[in-house]
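Residue numbers (this note's numbering): 98 to 590. Just so you know, even glycine gets a beta-carbon here, dropped at the ideal spot from N, CA and C.
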Ligand SMILES: Nc1ncnc2c1ncn2[C@@H]1O[C@H](COP(=O)(O)OP(=O)(O)OP(=O)(O)O)[C@@H](O)[C@H]1O
Ligand SMILES: [Mg+2]
């Protein structure tokens with residue numbers, strides 16, 4: 098007896114667009130020649146950069162991508178599927194990582210790709226937005242998208258592949274994801290324990306042999322998983338140095354000569370030659386003390402509880418680049434003690450917006466002083482705010498981060514209050530993490546300075562230090578007096 102045909106077989110039906118697409122995507126048979134074509138032609142034609150031009154991978158980006166794709170499609174001879182890439186800064190690491198994630202997602206249906214960066218901003222603005230941009234700038238590629246969720250850095254394709262862009266700052270949020278492809282960008286800036294305990298297990302949980310693991314970064318921290326990977330046996334290793342990037346036109350040599358003069362020999366070796374060196378990376382703040390003092394539960398204060406403080410000041414750090422954030426910290430003084438009442442951050446706002454924000458926050462918290470970073474863009478904000486608040490019982494004080502001595506004293510004051518135990522902070526992981534950005538640096542003459550790591554956000558701490566500085570004004574410390582003297586002397590010269 099013939100079976101009734103409940104549903105026509107696929108070849109007799111007219112395929113829906115979706116089915117056609119799925120079929121096309123799953124049918125692509127990857128060969129060595131195809132991979133060459135993809136890297137040399139397809140990428141340049143189909144991945145359109147923000148400036149409207151096609152992306153041409155550099156030779157070294159292609160070499161790595163080629164090895165990875167050969168491996169991903171079983172066309173290589175063995176290899177562990179683990180890659181360690183150390184590179185100079187601006188060498189095109191994050192670009193490479195984003196493109197690789199996208200290619201693997203498009204070419205291998207149902208692939209789970211997790212890309213991790215040290216902080217949220219790098220994961221979203223650095224990686225998610227790059228991939229998202231390549232997808233929507235090309236109509237054909239956009240059709241392959243099932244859905245995109247910016248808030249959690251998630252991109253799903255119709256072929257079943259997913260790309261997740263996560264940050265390492267929220268370790269709890271890393272649990273529960275499995276990955277076929279795991280990419281860790283700036284792995285030198287993620288604590289070793291977090292990589293080992295929370296991140297690597299994402300690939301460990303999958304049994305297939307085609308898993309891929311990438312650790313990528315600049316070699317600035319030997320106390321890191323990146324360093325272990327580089328020195329271990331398991332990883333295929335690549336090094337990208339400034340000369341490669343100059344040759345490919347990603348950097349120019351004048352720029353390099355300029356920064357070379359600004360950096361110590363070791364710093365240049367790390368950031369441009371991609372050489373492992375120990376940069377002095379002692380924490381500036383006593384991190385155990387910070388942990389101990391982060392105890393205030395966040396709450397909203399009404400008028401009465403705010404008026405219980407002797408004085409309240411606001412510190413504001415103004416974003417210097419398009420990508421960084423502006424932060425306000427609100428600090429109250431009660432007797433000998435200081436309390437971080439609250440903080441606020443925003444990104445990508447114009448200066449007039451920032452002005453309104455500052456003014457309303459100052460009024461809302463009944464601040465008597467506002468201390469503003471008046472370096473660069475901040476100078477304008479500071480001047481205008483001074484005018485606006487004239488006669489309103491709020492004093493506006495500018496602070497210039499470009500003056501080395503003053504800058505050091507500003508952070509040193511914060512360090513002092515913390516270590517004396519006079520400063521109470523919010524119970525807040527993000528805040529606590531930001532203290533890690535500050536390291537001690539010894540100058541050639543043996544004096545101490547504060548250095549900030551570039552990959553950890555620190556805007557709230559800057560706001561906090563500025564707010565504390567507000568309680569200072571009126572008093573003239575020796576250092577300030579000396580500085581004024583410097584200014585007077587140099588003016589006379
Ligand atoms: N193949 C390429 N063609 C054109 N531009 C590129 C290419 N690769 C990277 N770039 C651009 O060069 C700049 C630096 O690249 P990217 O951000 O990927 O470098 P990075 O090594 O991650 O740098 P960082 O140390 O800042 O993290 C970016 O503006 C990026 O868009
Ligand atoms: Mg990068």
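Rounded to whole angstroms, the gap between the alpha carbons of residue 451 and residue 291 is 35 Å. The residue from 514, 412, 440 with its alpha-carbon nearest to that of residue 387 is 514. According to DSSP, residue 435 shares a beta bridge with 430, 520. Exposed is the label assigned to residue 544, since fewer than 16 other Cβ atoms lie within 10 Å of its Cβ.
Straight through space, the alpha carbons of residue 161 and residue 550 are spaced by roughly 28 Å. The DSSP-derived three-state label of residue 388 is helix. Measuring C-alpha to C-alpha distances from residue 527 to each of 310, 435, 555, 320 identifies 555 as the nearest. Distance from the CA of residue 316 to the CA of residue 195, rounded to the nearest whole angstrom, comes to 20 Å. Here the alpha carbons of residue 141 and residue 151 stand approximately 5 Å from one another. Within the segment 226-260, the complete beta strand (DSSP E) runs of at least 3 residues fall at 242-246, 251-254.
The three-state secondary structure of residue 440, taken from DSSP, is strand. Secondary-structure assignment with DSSP links residue 214 through a beta bridge to 264. Excluding five sequence positions before and after residue 406, the CB atoms of its chain that fall closer than 7 Å to its own CB belong to 429, 430, 431, given in chain order. For the pair of segments examined, the segment 462-471 was found to touch the segment 487-494: the number of CB pairs separated by less than 8 Å reaches three. A contact is defined here as three or more CB-CB pairs under 8 Å, and the segment 231-247 fails this definition with respect to the segment 205-217.
Relative to residue 362, the option among 529, 569, 540 whose CA is nearest is 540. Annotation for residue 297: no residue places its beta carbon closer than 6 Å to its own, counting only its chain and skipping 5 residues before and after. Residue 279: member of the beta strand (DSSP E) spanning 278-281, first to last residue. If you draw a straight line from the Cα of residue 265 to the Cα of residue 311, it is about 15 Å long. With 6 Å as the limit between CB and the heavy atoms of ligand 1, the residues that fall short of it are 152, 153, 154, 155, 158, 184, 186, 187, 188, 189, 190, 191, 192, 347. Inclusion of residue 185 and residue 337 in the CB contact set at 8 Å is warranted, their separation being smaller than that value. Three or more Cβ pairs closer than 8 Å define a contact, and the segment 220-235 falls short of that threshold against the segment 165-172. Taking C-beta atoms as the reference points, residue 536 and residue 325 fail to come closer than 8 Å. A direct Cα-Cα distance of roughly 22 Å separates residue 183 from residue 359. Under DSSP, residue 338 forms no beta bridge with any residue. Residue 129 is not bridged by DSSP to any residue. In this structure, ligand 2 has no non-hydrogen atom nearer than 7 Å to the beta-carbon of residue 147. With a cut-off of 7 Å, the C-beta of residue 283 is classified as near ligand 2, since at least one heavy atom of the ligand falls inside that distance.
Put simply, of 413, 480, 559, 242 the residue whose alpha carbon is nearest the alpha carbon of residue 458 is 413.
For residue 410, the enclosing beta strand (DSSP E) stretches over residues 408-414. Residue 544 has no beta-bridge partner at all, per DSSP. If you look at residue 190, you'll find it in the alpha helix (DSSP H) that goes 190-204. Taking residue 153 as the centre and dropping the five residues before and after it, the same chain places the C-beta of 140, 141 closer than 8 Å to its C-beta, in chain order. The beta carbon of residue 223 sits closer than 7 Å to at least one heavy atom of ligand 2. In the three-state scheme derived from DSSP, where H, G and I count as helix and E and B as strand, residue 369 is classed as coil. Nearest to residue 164 by alpha-carbon distance, out of 201, 486, 484, is 201.
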